[in-house]
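Participant: So the sequence shown is numbered by the numbering used here: it starts at 11 and just counts up by one. This is the structure, below, for whatever I ask next.
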Amino acid sequence: MEDGEWVLVRKPAEKDFWNPTSMDLADTSKPLKVTFSGPAKHWTDAIPIGNGRLGAMVWGGIASETLQLNEDTLWTGVPGDYTNPEAPAALAEVRKLVDNGDYAEATKAAVKLSDHPSDVYQLLGDIKLEFDESHVKYTEGTYSRELDLETATARVKYSVGDVEFTREHFASNPGQVIVTKISASKPGSLSFTVSLDSKLHHHSQANGQNQIILQGSCPGKRIQPKVGLNENPKGIQFTAVLDLQVSQGGVIHNIDDKKLKVEGSDWAVLLLVASSSFDGPFTMPSDSKKDPTSETLNALKSIKTLSYSDLYAHHLDDYQNLFHRVSLQLSKSSKSNLGDGSLEMKEVKSSAKNSHFSKSNDGAVSTAERVKSFQTDEDPSFVELLFQYGRYLLISSSRPGTQVSNLQGIWNKDIEPAWDCAPHLNINLQMNYWPSLPCNLKECQEPLFDFISSLAINGSKTAKVNYETSGWVAHQVTDIWAKTSPDRGEAVWALWPMGGAWLCTHLWEHFTYTMDKDFLKNKAYPLLEGCTSFLLDWLIEGPGGYLETNPSTSPEHMFVAPDGKPASVSYSSTMDIAIIREVFSEIVSAAEVLGRKDDALIGKVREAQAKLPPTKIARDGSIMEWAVDFQDPEVHHRHVSHLFGLFPGHMITVEKTPDLCKAVDFTLFKRGEEGPGWSTTWKTALWARLHNSEHAYRMVKHLISLVDPTHEADFEGGLYSNLFTAHPPFQIDANFG
């Protein structure tokens with residue numbers, strides 16, 4: 011407007027945005043579907059569905075089917091005390107040893123700074139379906155199982171004689187329900203038994219003719235105390251209700267108050283709702299006023315009046331509003347074009363989808379077969395599928411009001427999952443949210459900001475007691491209770507007080523994408539301020555006039571000290587300084603936007619910026635990982651922490667720091683291509699920031715390798731048949747990377 015006033019205009023319909031310029035490309039794209047030739051044999055063959063909070067894994071069994079359920083607040087434990095009054099004395103001892111160059115002894119002494127481990131993500135339970143014996147003799151060749159990314163729907167189809175059976179599963183965010191519809195092509199031919207079970211302490215009972223209620227509890231401690239000791243605090247309580255509706259003419263029998271049996275129906279609809287007593291990271295489960303049973307029954311009441319088609323329409327409307335914002339089309343470039351035979355991006359539309367798909371080979375080849383053949387056929391539409399699958403998983407595991415997407419998103423089958431399923435802050439949680447902005451899913455990042463706010467509360471106590479600093483701190487691992495103290499165990503992973511600072515970079519990044527000044531002022535800036543206060547107090551003036559961090563580690567990586575002993579603790583690791591430089595730059599920029607550049611804190615930051623040590627290049631031409639050019643006993647280490655300044659940081663760029671980029675290039679060569687899935691995708695991003703498409707694509711290719719779940723230990727990285735990424739075992743971060 012001429013007078014500078016903003017006016018609100020109607021949001022254009024998605025279809026108005028989309029005007030494909032190259033239909034020839036669209037015709038070669040395959041449907042965005044993950045397909046399977048048979049039922050799941052392993053958990054990583056099952057199909058994940060989720061609404062941010064509730065998740066399920068669909069196995070697609072024929073005579074018997076399992077839906078493994080998760081709810082994102084089911085964790086062991088209770089709120090903890092994340093302080094250690096003895097830490098300051100241990101910190102002084104470690105600092106003195108580092109100052110004396112006694113790095114191996116400092117590494118040993120630093121164990122005194124570690125704390126107890128995080129709590130553990132749990133599971134909800136299983137819906138078990140048993141079909142009559144005729145299903146065992148299903149017609150060979152009629153079976154299909156697929157996940158349709160366009161609709162976030164899992165489908166299973168097969169025929170028994172002349173009857174086709176279809177199952178549809180989706181997790182609705184607006185309805186807060188997991189919905190399953192089972193139907194038969196011939197009236198009256200659907201019969202099955204359904205029950206609800208859990209590996210956790212629980213009681214399951216049929217409630218009348220069409221409901222099963224499961225009530226249970228999570229352990230109040232991560233490891234069950236020995237029988238006879240009554241010191242296990244009350245853990246998180248939960249309830250799941252399964253509601254069953256059948257067609258007219260169908261009959262439901264209650265069997266022993268445990269199972270429901272359906273006979274002679276045309277179709278059946280199962281609704282699964284669940285909730286827990288979790289009332290935030292600061293409320294003891296024993297003090298929680300939330301009653302999961304009444305909450306769950308009320309949630310069910312609010313959706314029971316809706317028809318299946320209404321539930322599905324609401325689900326599609328909600329999901330597609332997010333998913334259809336981005337379309338990606340790739341084509342194979344000719345060798346003469348790019349010189350390396352890599353994929354060329356033809357069309358990225360951050361708005362809507364293209365529905366002109368070729369249907370001829372829909373589902374004919376399983377996705378696992380496409381993974382296997384990729385090394386030779388380099389099918390561009392498979393890369394499109396993998397890209398969009400990552401977006402699907404973020405929409406399905408992180409929504410406003412949910413918990414953060416953990417090490418496995420929300421999907422977990424174990425009481426003791428790998429690495430506790432706990433969010434790790436030295437790459438993994440951050441990578442989970444890398445796609446939220448560039449892939450146009452900014453709402454999905456809201457749980458991260460809520461979580462950072464909780465970390466800041468606990469982290470201010472940890473900073474004050476453990477380190478005698480102001481501000482707030484978080485370390486390498488955390489959990490639903492917003493644990494901020496170091497992990498248990500060795501300093502090489504546990505002693506890393508930069509987790510909160512790295513997370514804070516997501517706050518500024520969110521502002522640069524959205525230009526939301528209210529968010530910057532009310533949410534981001536106070537958190538950045540607290541983080542910056544800690545960093546200013548944590549930095550110590552070193553002998554050369556530079557500020558340094560002491561103690562300091564480079565995440566999970568040892569070095570050989572000058573005396574020949576293995577160590578991990580020294581001072582001013584390259585990653586420490588890179589993260590601090592990033593946060594300082596961001597708070598200065600934020601202060602300028604908010605008119606606070608004259609604040610005392612910003613003055614201190616500007617002084618400190620001038621005294622941060624520069625990124626150094628080692629004798630061999632690589633980026634130095636530590637402040638001293640120590641010998642590296644594991645040059646192919648999975649972490650590339652010392653390259654943070656290039657990505658996700660912004661301080662190293664091809665345009666402004668060409669010499670450092672040359673050193674990064676050599677560092678990546680030296681590190682090699684092997685590593686877990688998340689290491690592969692981080693390296694992909696780094697090569698891309700060096701404008702090296704050939705190597706970026708080599709890393710994409712490297713990820714696309716089929717992992718055999720019966721011999722996962724033989725693999726590094728790779729994909730399972732359901733396209734989950736492997737560390738191994740499964741870790742979701744590389745799907746997002």
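All residues carry an ideal CB built from backbone N, CA and C; glycine is no exception. Values in this document were obtained by computation on a predicted structure and should not be read as measured data.
In terms of residues, what are the limits of the alpha helix (DSSP H) holding Val-502?
Facilitator: Position 492 of the sequence shown, counting from 1, holds the residue named residue 502. From DSSP, the alpha helix (DSSP H) with Val-502 extends over 501-504.
Participant: To which residues does DSSP link Gly-135 through a beta bridge?
Facilitator: Working through the sequence shown from its first residue, we reach residue 135 at position 125. According to DSSP, Gly-135 bridges with Leu-79.
Participant: Determine whether the Cβ of Thr-315 lies closer than 8 Å to any Cβ atom of chain B.
Facilitator: The structure shown contains no chain B; it holds only a single protein chain.
Participant: Report buried or exposed for Pro-243, applying the criterion of at least 16 other Cβ atoms within 10 angstroms of its Cβ.
Facilitator: On the sequence shown, residue 243 is found 233 positions in, with the first residue counted as 1. Burial call: exposed.
Participant: State the start and end residues of the unbroken beta strand (DSSP E) segment that holds Asp-320.
Facilitator: Counting from one through the sequence shown, the residue named residue 320 turns up at place 310. No beta strand (DSSP E) holds Asp-320; the alpha helix (DSSP H) holding it covers 318-333.
Participant: From which residue to which residue does the beta strand (DSSP E) around Phe-202 run?
Facilitator: On the sequence shown, residue 202 is found 192 positions in, with the first residue counted as 1. First-last of the beta strand (DSSP E) with Phe-202: 200-207.
Participant: Please name the residue or residues paired with Phe-141 in a DSSP beta bridge.
Facilitator: Here residue 141 is taken as the residue at index 131 of the sequence shown, counted from 1. In the DSSP output, where bridge partners are listed per residue, Phe-141 has Phe-202.
Participant: Taking the alpha-carbon positions, what's the Leu-538 to Ala-511 distance?
Facilitator: By one-based count along the sequence shown, residue 538 stands at place 528. By one-based count along the sequence shown, residue 511 stands at place 501. When rounded, the distance between both Cα atoms is 8 Å.
Participant: Can the beta-carbon of Val-645 be found closer than 8 Å to that of Lys-693?
Facilitator: Here residue 645 corresponds to residue number 635 of the sequence shown, with the count starting at 1. Here residue 693 corresponds to residue number 683 of the sequence shown, with the count starting at 1. Their beta carbons are not under 8 Å apart, which means Val-645 does not touch Lys-693 by this criterion.
Participant: Please name the residue in Gly-659, Tyr-730, Asp-724, Gly-48 whose C-alpha comes closest to that of Leu-696.
Facilitator: One-based indexing of the sequence shown puts residue 696 at position 686. Closest by alpha carbon: Gly-659.
Participant: Under 6 Å Cβ to Cβ from Tyr-535, same chain only, skipping five residues before and after it: list those, please.
Facilitator: Start at 1 with the first residue of the sequence shown, and residue 535 comes out as number 525. The beta carbon of Tyr-535 sits closer than 6 Å to the beta carbons of Ala-600 from its chain, once the five residues preceding and following it are set aside; these are given in chain order.
Participant: How about Phe-544 and Trp-506: do their beta carbons lie closer than 8 Å?
Facilitator: Here residue 544 refers to the residue found at position 534 when the sequence shown is read from its first residue. Here residue 506 refers to the residue found at position 496 when the sequence shown is read from its first residue. Cβ atoms of Phe-544 and Trp-506: not closer than 8 Å.
Participant: Is Lys-452 helix, strand or coil by DSSP?
Facilitator: For the purposes of this step, residue 452 is identified with residue 442 of the sequence shown, where counting begins at 1. Per DSSP, reduced to three states, the secondary structure at Lys-452 is helical.
Participant: By how many angstroms is the C-alpha of Ile-633 removed from the C-alpha of Val-121?
Facilitator: For this step, residue 121 is matched to residue 111 along the sequence shown. For this step, residue 633 is matched to residue 623 along the sequence shown. Spanning the two alpha carbons is a distance of roughly 28 Å.
Participant: Rank Cys-228, Leu-281, Ser-286, Ser-214 by C-alpha distance to the C-alpha of Ile-265 and give the top, closest one.
Facilitator: Numbered from 1 along the sequence shown, position 255 holds the residue referred to as residue 265. It is Ser-214.
Participant: Please state whether DSSP places Thr-735 in a helix, a strand or coil.
Facilitator: Residue mapping note: residue 735 aligns to position 725 of the sequence shown, counting from 1. Strand, per DSSP.
Participant: What are the residues that DSSP puts in a beta bridge with Ala-278?
Facilitator: For this step, residue 278 is matched to residue 268 along the sequence shown. DSSP, once it has assigned bridges, lists Ile-192, Val-256 as partnering Ala-278.
Participant: Indicate whether the contact test is met: 3 or more Cβ pairs, each with one atom in the segment 126-138 and one in the segment 288-304, closer than 8 Å.
Facilitator: no
Participant: What separation, rounded to the nearest whole angstrom, lies between the Cα atoms of Ser-32 and Leu-404?
Facilitator: Here residue 32 is taken as the residue at index 22 of the sequence shown, counted from 1. Here residue 404 is taken as the residue at index 394 of the sequence shown, counted from 1. Any reading at Ser-32 is ruled out, since the residue's pLDDT is 38, under 50, leaving its predicted position unreliable.
Participant: Can you name the start and end residues of the alpha helix (DSSP H) that Met-441 belongs to?
Facilitator: What you label residue 441 is simply residue 431 of the sequence shown in a count that begins at 1. Where Met-441 is concerned, the enclosing alpha helix (DSSP H) stretches over 438-442.
Participant: Please report the residue range of the beta strand (DSSP E) in which Phe-175 lies.
Facilitator: As a first step, residue 175 must be located in the sequence shown, where it is residue number 165. Here the beta strand (DSSP E) through Phe-175 covers 173-182.
Participant: Once the 5 residues before and after Thr-190 are set aside, which same chain residues still bring their CB inside 6 Å of it?
Facilitator: By 1-based counting over the sequence shown, the position of residue 190 is 180. Counting only Cβ-Cβ distances below 6 Å, and skipping sequence neighbours, we find His-179, Leu-280.
Participant: Where does Asp-675 land, buried or exposed, given buried means 16+ other C-beta within 10 angstroms?
Facilitator: Working through the sequence shown from its first residue, we reach residue 675 at position 665. Under this definition Asp-675 is a buried residue.
Participant: Given that a residue counts as buried once 16 or more other Cβ atoms are within 10 Å of its Cβ, and exposed if not, what is Ile-188?
Facilitator: Here the question's residue 188 lines up with position 178 in the sequence shown. So Ile-188 counts as buried.
Participant: Taking DSSP as the reference, what is the three-state secondary structure of Ser-775?
Facilitator: Missing from the structure shown is residue 775; the chain here goes from 11 to 747 and no further.
Participant: Am I right that Thr-584 and Ala-501 are in contact with their C-beta atoms under 8 Å? What's the rounded C-beta distance?
Facilitator: Counted from its first residue, the sequence shown places residue 584 at position 574. Counted from its first residue, the sequence shown places residue 501 at position 491. Wrong, their Cβ atoms sit about 17 Å apart, outside the cutoff.
Participant: Could you check whether the segment 103-113 touches the segment 441-455, counting it as contact only if at least three pairs of C-beta atoms, one from each stretch, sit closer than 8 Å?
Facilitator: no
Participant: May I ask you to report which of helix, strand or coil DSSP gives Phe-27?
Facilitator: Along the sequence shown, one-based indexing puts residue 27 at 17. Confidence is the limiting factor: at Phe-27 the pLDDT is only 40, short of 50, which leaves the residue's position unreliable, though a coordinate-based value still follows. Phe-27: helix per DSSP, three-state reduction.
Participant: Under 6 Å Cβ to Cβ from Phe-46, same chain only, skipping five residues before and after it: list those, please.
Facilitator: Taking the first residue of the sequence shown as 1, we reach residue 46 at position 36. Cβ within range, chain order: Arg-155, Ser-376.
Participant: Specify, as a first and last residue, the run of the beta strand (DSSP E) that Gln-225 falls within.
Facilitator: Locating residue 225 in the sequence shown gives position 215, counting from the first residue. From DSSP, the beta strand (DSSP E) with Gln-225 extends over 221-227.
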